[in-house]
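Engineer: Okay, handing you the structure first.
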Amino acid sequence: MTDNSAAETRTRSRALTEWVAESARLTQPDRIVWCDGSEAERRRLTEEAVAAGVLIPLNQKQRPNSYLHRSNPSDVARTEEVTFICSRTREDAGVTNHWMTPEEAYAKLGALLAGSMAGRTMYVIPYVMGPIGSPFAKVGVEITDSIYVALSMRIMTRMGAAALEMLGASDDFNRGLHGTLDLDPKKRFICHFPQDNTIWSVGSGYGGNALLSKKCFALRIASALGRREGWFAEHMLIVGLQNPAGETRYVAAAFPSACGKTNLAMLMPPAAFKGWKVFTVGDDIAWLRVGRDGGLWAINPEAGYFGVAPGTSMKSNPNAMRSIEHDALFTNVAMTADGDIWWEGMDVPAPDGLSDWRGRPWDKNSGEKAAHPNSRFTAPMTNNPVLSPAAEEPQGVPISAIIFGGRRATTMPLVLESRDWTHGVLMGATMGSETTAAAAGKVGVVRRDPMAMLPFCGYNIGDYLGHWLEMRKQITKPPRIFMVNWFRKSDAGEFLWPGYGENMRVLKWMLDRIHGDAGAHETPVGLVPEPGDLDLEGLEISPEQLRSALAVNTAEWKAEVASAGEFFDQIGPSLPTPLREKHRELAAALDGKAG
Ligand code: GTP
Ligand code: SPV
Ligand code: MN
1 MTDNSAAETR TRSRALTEWV AESARLTQPD RIVWCDGSEA ERRRLTEEAV
51 AAGVLIPLNQ KQRPNSYLHR SNPSDVARTE EVTFICSRTR EDAGVTNHWM
101 TPEEAYAKLG ALLAGSMAGR TMYVIPYVMG PIGSPFAKVG VEITDSIYVA
151 LSMRIMTRMG AAALEMLGAS DDFNRGLHGT LDLDPKKRFI CHFPQDNTIW
201 SVGSGYGGNA LLSKKCFALR IASALGRREG WFAEHMLIVG LQNPAGETRY
251 VAAAFPSACG KTNLAMLMPP AAFKGWKVFT VGDDIAWLRV GRDGGLWAIN
301 PEAGYFGVAP GTSMKSNPNA MRSIEHDALF TNVAMTADGD IWWEGMDVPA
351 PDGLSDWRGR PWDKNSGEKA AHPNSRFTAP MTNNPVLSPA AEEPQGVPIS
401 AIIFGGRRAT TMPLVLESRD WTHGVLMGAT MGSETTAAAA GKVGVVRRDP
451 MAMLPFCGYN IGDYLGHWLE MRKQITKPPR IFMVNWFRKS DAGEFLWPGY
501 GENMRVLKWM LDRIHGDAGA HETPVGLVPE PGDLDLEGLE ISPEQLRSAL
551 AVNTAEWKAE VASAGEFFDQ IGPSLPTPLR EKHRELAAAL DGKAG
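Each residue of the sequence shown is one higher than the one before, counting from 1 in the numbering used here.
Written as structure tokens, this is what we have:
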């Protein structure tokens, strides 16, 4: 076994050295490579990945330094069925998580990992989540035998020497051990040990299962840390909205996977919104803390975007398209004959000679998608033309509003404002969304997804909702809480609201509610704008369509509240009483209205 740990990459943390040695004894790699994050290293690893067929070079004139990766066709999305929270007791994991005892998980995955890196290289990837030097940043180290993971982690995190520097001699780092194995779905397990700040993941090379910094550390483990330490780790984008007077307000929004976070984080305001500018702080994960001013402050722990490709176009999200012009990785998109990328909803016709996501010639008339519905791009945030200067702010940005939202063909209006914090927490706690291709399983089924954290909460969901209520005591200047739905459909099955950049109109209404004098009317489920309360300049939408998008239908809401009640029943005794009471009040208010 060889080990490249040169003086500059060798760590002063004995705990790290010992853990790497222990992992190597278990997995038996031929070589150990400590990643330093340098450009030379990126070039070397990329060459190796190309030689091994893991990466396919794209047309380097059209897309410099960009590559395509085709994953195993059985391994294209997160796998919630085999994702476990291995807390000491089942109650600590709660009813919404799969649970295994830590002993069983270590034994089971240990047996699968034993000798699994023989003949392979082990990459040791130290990384920082959060701006370097931020008091809220945290160090993780991922050990993996996947060169694709190593190259992706370099884009998604602040990776390499800077992380070892920040770690110093400390033993306080997240330990992520990832073994690709043979990608047999029967040997796929993603296990989290919150009490050990540890993750073991085997049998998958897919983003959310294998880039352990992301959902595994920054959400599942971090949510458990946040509960202990008094902060939040949330599945939220962070976006800055600058008005024509030059004032910037920040909002954070939680939508489930493939429900519009990246798009909202990079949105292009409509032409009629002269002087407005939008800046991306983060597109997927927010760590939020109470500031000295009593408000909530957020950092984006990540350094890159792992975005949904289909539907991304110069029309829907030009800033994302510009973010992937160079130095990007693509996973499971289609490839053109001249080595460029293509996907459904790119807004350019499919060229002849396309290869589909599996690398097979694509037949337009086959009825099959050329790009996988969960195909993705990976790009450094520094590629984003509207990256917020505050993305590197060590204290983060102050949050004026928290937005929850799901993908709902019915029921949920375009926007709803909560009456107070507890009502806002109830909105988030009971939100539903149709499942998407971001996770394996059936697509389009409505499920309850509290705060978009159902698959990402690292502890008991009832305790998690309790944490949201408890934190209010410290937050003396709470952000206002809203609910949105960009995905409501007409009877004919068409989206009622144009979405994307036009969502700016809804964000502006929120800011005007908080800082100005925008109108709203009361409904039993919250405050809703009248069509005239929204700035609709330059938007062509029929009055009936807008009314349908904003409608609160009592019969639909009775069904919604009943479904939320069933979900609350499942959570059981850990569900906070104030939410139970608020939910009963809401049901009563709806019953009081003629259906
Ligand atoms: P994850 O990375 O899985 O967490 O997804 P995300 O929440 O960042 O979703 P993303 O912004 O990538 O959008 C997912 C899909 O929804 C894409 O196909 C988008 O084109 C589409 N989408 C995003 N915003 C809107 C919108 O406002 N209206 C409509 N109709 N579709 C949208
Ligand atoms: C999601 O599914 O919410 C994603 C992609 O952001 S993954 O990193 O795979 O979780
Ligand atoms: Mn996500």
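Where a beta carbon is used, it is the ideal one built from N, C-alpha and C, also for glycine. On a predicted model such as this, the values are computed, not experimentally measured, just so you know.
Which residues neighbour the ligand MN when neighbourhood means a C-beta less than 5 Å away from any of its non-hydrogen atoms? List them by chain order.
Structural biologist: The set, ordered by position in the chain, is Ser-257 and Asp-284.
Engineer: Have a look at Asn-174, Leu-225, Ile-238 and Gly-168 and flag the residue whose alpha-carbon is nearest the alpha-carbon of Ser-391.
Structural biologist: Taking the sequence shown and counting its residues from 1, one reaches residue 391 at position 391. Before going on, a small fix: residue 391 reads as Ala here, not Ser. Comparing Cα positions, the closest option is Ile-238.
Engineer: When burial is assigned at 16 or more other CB atoms within 10 Å of the CB, is Arg-25 buried or exposed?
Structural biologist: Within the sequence shown, residue 25 is the residue found at index 25, counting from 1. Exposed, because fewer than 16 other Cβ atoms sit within 10 Å of the Cβ of Arg-25.
Engineer: How about Ala-438: is its Cβ closer than 7 Å to a heavy atom in the ligand GTP?
Structural biologist: Stepping through the sequence shown from its first residue, residue 438 is reached at position 438. Yes.
Engineer: At a cut-off of 7 Å, is Tyr-206 close to the ligand GTP when judged by its beta-carbon and the heavy atoms of the ligand?
Structural biologist: Counting from 1 along the sequence shown, the entry for residue 206 is found at position 206. Not under cutoff, so the answer is no.
Engineer: State yes or no: is the C-beta of Leu-219 within less than 8 Å of the C-beta of Ile-285?
Structural biologist: Taking the first residue of the sequence shown as 1, we reach residue 219 at position 219. Taking the first residue of the sequence shown as 1, we reach residue 285 at position 285. Yes, the Cβ-Cβ distance between Leu-219 and Ile-285 is below 8 Å.
Engineer: For Val-95, name the three-state secondary structure that DSSP assigns.
Structural biologist: For the purposes of this step, residue 95 is taken as residue 95 along the sequence shown, with counting starting at 1. DSSP places Val-95 in coil when its eight states are reduced to three.
Engineer: For Phe-330, which residues of its own chain have a beta-carbon under 8 Å away from its beta-carbon, when the five flanking residues on both sides are left out?
Structural biologist: Counting from one through the sequence shown, the residue named residue 330 turns up at place 330. Leu-58, Ser-66, Tyr-67, Leu-68, His-69, Ala-309, Ile-324, Ile-341, Ser-375, Arg-376, Phe-377 and Thr-378, listed in sequence order.
Engineer: Among Arg-488, Gly-532, Ala-254 and Leu-539, whose alpha-carbon lies nearest the alpha-carbon of Glu-556?
Structural biologist: For this step, residue 556 is matched to residue 556 along the sequence shown. For Glu-556, the nearest C-alpha among the options comes from Arg-488.
Engineer: Note down, one range per segment and in chain order, each beta strand (DSSP E) of at least 3 residues found wholly within the segment 338-411.
Structural biologist: If we require 3 residues or more, the beta strand (DSSP E) runs fully inside the segment 338-411 come out as 376-380 and 397-405.
Engineer: In this structure, how does DSSP classify Phe-568 when only helix, strand and coil are distinguished?
Structural biologist: Counted from its first residue, the sequence shown places residue 568 at position 568. Residue state, collapsed to three classes: helix.
Engineer: Would you report the Cα separation of Val-149 and Gly-160, rounded to the nearest angstrom?
Structural biologist: Here residue 149 is taken as the residue at index 149 of the sequence shown, counted from 1. Here residue 160 is taken as the residue at index 160 of the sequence shown, counted from 1. One C-alpha to the other measures close to 14 Å.
Engineer: What residue does the alpha helix (DSSP H) around Ser-223 start on, and which one ends it?
Structural biologist: Here the question's residue 223 lines up with position 223 in the sequence shown. It spans 222-229 - the alpha helix (DSSP H) in which Ser-223 sits, taken as one unbroken run.
Engineer: Using a 10 Å radius around the Cβ and a threshold of 16 neighbouring Cβ atoms, would you call His-192 buried or exposed?
Structural biologist: Along the sequence shown, read from residue 1 onward, the residue named residue 192 stands at position 192. Buried, by the Cβ-count rule.
Engineer: Would you report the Cα separation of Phe-568 and Gly-538, rounded to the nearest angstrom?
Structural biologist: The sequence position of residue 568 within the sequence shown is 568, counting from 1. The sequence position of residue 538 within the sequence shown is 538, counting from 1. Using only the alpha carbons, I get a separation of about 43 Å.
Engineer: Take the Cβ of His-521 as the centre, count every other Cβ of all protein chains shown within 10 Å, and call the residue buried at 16 or more, exposed below.
Structural biologist: For the purposes of this step, residue 521 is taken as residue 521 along the sequence shown, with counting starting at 1. Answer is exposed; the Cβ neighbour count stays below 16.
Engineer: Identify whether Val-464 lies in helix, strand or coil by the three-state DSSP scheme.
Structural biologist: Start at 1 with the first residue of the sequence shown, and residue 464 comes out as number 464. For the record, residue 464 in the displayed sequence is Tyr; it is not Val. Three-state result, Tyr-464: helix.
Engineer: Roughly how many angstroms lie between the CA atoms of Tyr-250 and Ser-400, to the nearest whole one?
Structural biologist: Along the sequence shown, one-based indexing puts residue 250 at 250. Along the sequence shown, one-based indexing puts residue 400 at 400. About 6 Å.
Engineer: Contact defined as beta carbons within less than 8 Å: I believe Ala-452 pairs with Ala-254. What is the distance between those atoms, to the nearest angstrom?
Structural biologist: The count along the sequence shown starts at 1 and reaches residue 452 at position 452. The count along the sequence shown starts at 1 and reaches residue 254 at position 254. About 4 Å; that satisfies the 8 Å criterion.
Engineer: According to DSSP, simplified to helix, strand and coil, what is His-192?
Structural biologist: Locating residue 192 in the sequence shown gives position 192, counting from the first residue. Strand.
Engineer: Whose C-beta lies closer than 7 Å to the C-beta of Lys-477 among residues of the same chain, with five residues either side of it excluded?
Structural biologist: Here residue 477 refers to the residue found at position 477 of the sequence shown. Closer than 7 Å at the Cβ level, and outside the excluded window around Lys-477, lie Asp-293, Gly-294 and Gly-295.
Engineer: On the criterion of 16 or more Cβ atoms from any shown chain inside 10 Å, does Lys-442 qualify as buried, or is it exposed?
Structural biologist: Counting from 1 along the sequence shown, the entry for residue 442 is found at position 442. Classification of Lys-442: exposed, given that the 10 Å Cβ count is below 16.
Engineer: Taking buried to mean at least 16 other C-beta atoms within 10 Å of its own C-beta, is Glu-22 buried or exposed?
Structural biologist: In the sequence shown, counting from the first residue as 1, residue 22 sits at position 22. With fewer than 16 other Cβ atoms within 10 Å, it is exposed.
Engineer: Using the Cα positions of Met-156 and Ala-337, report the straight-line distance between them to the nearest angstrom.
Structural biologist: Here residue 156 corresponds to residue number 156 of the sequence shown, with the count starting at 1. Here residue 337 corresponds to residue number 337 of the sequence shown, with the count starting at 1. In a straight line, the C-alpha of Met-156 is about 29 Å away from that of Ala-337.
Engineer: Between Pro-373, Pro-361 and Ala-328, which lies nearest to Met-346 when the distance is taken from Cα to Cα?
Structural biologist: In the sequence shown, counting from the first residue as 1, residue 346 sits at position 346. It is Pro-373 whose Cα lies nearest to the Cα of Met-346.
Engineer: Suppose the cutoff is 6 Å on Cβ atoms and the five residues either side in sequence are ignored; what does the same chain contact list for Ala-15 look like?
Structural biologist: Position 15 of the sequence shown holds residue 15. If we look at Ala-15 and ignore the five residues flanking it on each side, its Cβ neighbours are Asp-171.
Engineer: According to DSSP, which residues form a beta bridge with Phe-273?
Structural biologist: Sequence index remark: in the sequence shown, residue 273 carries index 273 (1-based). According to DSSP, Phe-273 bridges with nothing at all.
Engineer: Where do the ends of the beta strand (DSSP E) carrying Ser-323 lie?
Structural biologist: As a position in the sequence shown, residue 323 is number 323, starting the count at 1. Ser-323 -> not in any beta strand (DSSP E); alpha helix (DSSP H) instead, spanning 318-323.
Engineer: Quick one: using the 10 Å Cβ neighbour count with 16 as the cut-off for buried, is Lys-473 buried or exposed?
Structural biologist: Position 473 of the sequence shown, counted from the first residue, corresponds to residue 473. The residue is exposed, with fewer than 16 neighbouring Cβ atoms inside 10 Å.
Engineer: Give me whichever residues DSSP pairs with His-326 in a beta bridge.
Structural biologist: Start at 1 with the first residue of the sequence shown, and residue 326 comes out as number 326. None, per the DSSP bridge assignment.
Engineer: Bridge partners of Phe-596, per DSSP?
Structural biologist: The question about residue 596 has no answer, for the chain in this structure spans 1 to 595.
Engineer: For Pro-310, is the beta carbon positioned less than 7 Å from some heavy atom of the ligand GTP?
Structural biologist: As a first step, residue 310 must be located in the sequence shown, where it is residue number 310. Because some heavy atom of the ligand GTP lies under 7 Å away, the Cβ of Pro-310 counts as near it: yes.
Engineer: Note down, in chain order, each residue of its chain lying with its Cβ closer than 6 Å to the Cβ of Ala-233, except the 5 sequence neighbours on either side.
Structural biologist: Within the sequence shown, numbered from 1, the residue matching residue 233 stands at position 233. So the qualifying residues of the chain are Leu-219, Ala-222, Ser-223, Gly-226 and Trp-287.
Engineer: If the criterion is Cβ atoms closer than 8 Å, does the pair Arg-322 and Pro-380 meet it?
Structural biologist: To locate residue 322, count along the sequence shown from 1; it is residue 322. To locate residue 380, count along the sequence shown from 1; it is residue 380. Not in contact: Arg-322 and Pro-380 (Cβ atoms no closer than 8 Å).
Engineer: Could you give the distance in angstroms between the alpha-carbon of Arg-513 and the alpha-carbon of Pro-479?
Structural biologist: Within the sequence shown, numbered from 1, the residue matching residue 513 stands at position 513. Within the sequence shown, numbered from 1, the residue matching residue 479 stands at position 479. Roughly 12 Å separates the two Cα atoms.
Engineer: For the ligand GTP, is there a heavy atom less than 7 Å away from the beta-carbon of Thr-83?
Structural biologist: The residue given as residue 83 occupies position 83 in the sequence shown. Thr-83: no, Cβ never under 7 Å from the ligand GTP.
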